[in-house]
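Position in the sequence shown (first residue = 1) + 783 = this note's numbering. Everything on this sheet refers to the single structure shown next.
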Amino acid sequence: MRHVLLLSSALMLAPAASAQTGSSNLAVTIYNDNLALVQDTRQLSLPSGRSRQEFPNVSGQIQPETVTLGASDVSIVEQNFDFDLLSPGKLMEKAVGEEITLVRTNPATGAEERERARVLAVNNGVVLQIGNRIEVLRDDGLPVRVIFDKVPENLRARPTLSVTLNSGRGGARPVTLSYLTGGMGWKADYVTLFDEQRGLIDVQGWVTLTNQTGTTFDNADTLLVAGNVGQQGQQQYYDRPGRRMMGGYPPPPPPPPGNRPGTETPGREALGDFYLYPLKERTTIANQQTKQVSFLDVTGAAARRAFVFRNGWLQTQDQATSASSVLQFSSSRNAGLGDALPAGTVRVYMKDARGNAQFVGENQIGHTPMGSDIAITTGEAFDVKVQPVVEQRERVNGSRWRTRMRYTLTNASPRAVAVDLIQSGLWGDTRIADESQKSTRRSADEAMWRVNVPANGEASVTATFDTRF
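Right, here's the structure in full:
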């Protein structure tokens, strides 16, 4: 609906019951899981006894049950969070059953005409009673203004926390309001430039911070906490004992080989089981804003490209399938990035023949201790392919089968490659009765061969499996 809403200048918002003095000192601690702790210190002039204090500019997603207030000789009697914000639509909704003034301009004479009207309903349009007739306020292209007699008390220009305090003495003093809020979180983003010929990577780490609380936090001392903080209501799902499913869905595919958790302690502050990443300077976290701040800048760390192929079960594939391209590097102090890495997205770039950095893939990492070996799948190899084929399958007895597999690996690139060939789905009672090269049993479910494939050539691996089915 296209109409202009006008507030009478004599009917603006009434002053707060208790005036605030001084400026606000904000500290914001932001967690990964859409959670933040706000600590807002304001200088207030408090009378002795009971008074009502209003804290505007609190988060629109404040968790009222987490509010605490710290001040000398002060206790909280009652608190109310008003989050119904002043807007043209809200004013009209709150005016249902009340009278308003319509101001229309006569297109022929240009004169303003005023009528009193009662608002009957605001349901996909405004229904009015003007005298003995019922009208719908519609978009007819003519200038229309609506004048309201007052602003409803529970409509606020900004999210506001009203607190009734009992003060043992009068006078000015600092008061610290603390609360948890949703609508704010952060993650890490990593931009990686990989030089394959030199076996080196440059990594820039960015904090990507998002504020959707409905409130801007000005000049805040900002601290980021890396780790998964438990919150009531979070659910974990299991598809079998010890194997967690996220959000009710099966877990993602297993990571490629080459991942190993580190055992080094980074030179940064820890808080319990979490690491802290403070921003170096105070910053304004604007509402509906994504902000990026650098926290990691490393050049010349060791890295290599690897290839991985995982066959899901003992079966023939009609066509050869691309192996996964994997980037391997370390977060260790001596040979790697030298820090604990918060969870986030790693984006990988490589320079082309013209020297321009081109995007070649991305993937996620979890919270990674310092000293870890990291392997992330960045895409599918164009030139390196594998085709598994069942050469023979026979029943050994009533409950056992024997299956002979052949894996043919081809390499169309001008350099030799090593492929980690993984056969998964073996279960605990599967035995490898015979194999053309020695495998490594990665787990009860998987066996792996590291296969060297010559440049512009091929290689093969054969293996015989003794299984229950």
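Glycine is no exception: its CB is placed at the ideal position from the N, C-alpha and C atoms. Here the structure is a predicted model, which is why all the values come from computation and not from measurement.
L1054, buried or exposed, once every other Cβ within 10 Å from all chains shown has been counted against 16: exposed
Spatially closest choice to G965 from Q1075, A819, A1123, by CA coordinates: A819
DSSP state of T996 mapped onto helix, strand, coil: coil
Helix, strand or coil at T1048 [DSSP, three-state]: Assignment of T1048 by DSSP, reduced to helix, strand and coil, places it in the coil class.
Where K1074 falls: helix, strand or coil (DSSP): strand
Given 8 Å, three or more beta-carbon pairs between the segment 971–989 and the segment 1125–1135: yes
Nearest-angstrom Cβ-Cβ length linking V821 and S842, presumed shorter than 8 Å: Taking C-beta atoms under 8 Å as the contact rule, V821 and S842 qualify, at a distance of about 6 Å.
Beta-carbon gap between P1040 and D1203 smaller than 9 Å: In this structure, P1040 lies near D1203, with their beta-carbon atoms less than 9 Å apart.
In DSSP terms, what F1165 is bridged to: According to DSSP, which records beta bridges pairwise, F1165 is partnered with nothing at all.
Beta strand (DSSP E) runs wholly inside the segment 1158–1230, at least 3 long, in chain order: 1184–1194, 1200–1206, 1214–1218
Cutoff 6 Å; reference V1081; Cβ partners in own chain excluding five residues on either side: V986, L1120
Cβ neighbours of T804 in the same chain (closer than 7 Å, five flanking residues each side left out): Confidence at T804 is low in this model, with a pLDDT of 41, below 50, so its placement is unreliable and the value that follows should be read with caution. Contacts found: Q826, L827, S828, A955.
Which of helix, strand or coil DSSP assigns to E876: helix
Reduced DSSP category for T804 - H, G, I as helix; E, B as strand; rest coil: Unreliable positioning characterises T804 in this predicted model, as indicated by a pLDDT of 41, which lies under 50. A coordinate reading is not provided.
From P1044, R1225, I845, N1194, residue whose alpha carbon lies closest to that of S1207: The option with the nearest alpha carbon to S1207 is R1225.
Span of the beta strand (DSSP E), counted from its first residue to its last, around S834: 832–839 is the span of the beta strand (DSSP E), which, as asked, contains S834.
Per DSSP, the bridge partner or partners of D985: Residue pairing from DSSP places D985 in a beta bridge opposite L976.
Nearest-angstrom beta carbon gap, L874 and F1000 [assumed within contact, 8 Å]: About 27 Å; that fails the 8 Å criterion.
G1010 versus L1059, R835, T998, residue with shortest Cα-Cα distance: L1059
Same chain only: Cβ atoms within 8 Å of F1252, ignoring 5 sequence neighbours per side: W1184
Pairwise C-alpha distance: T943 and R1087: Approximately 54 Å between the Cα atoms of the pair.
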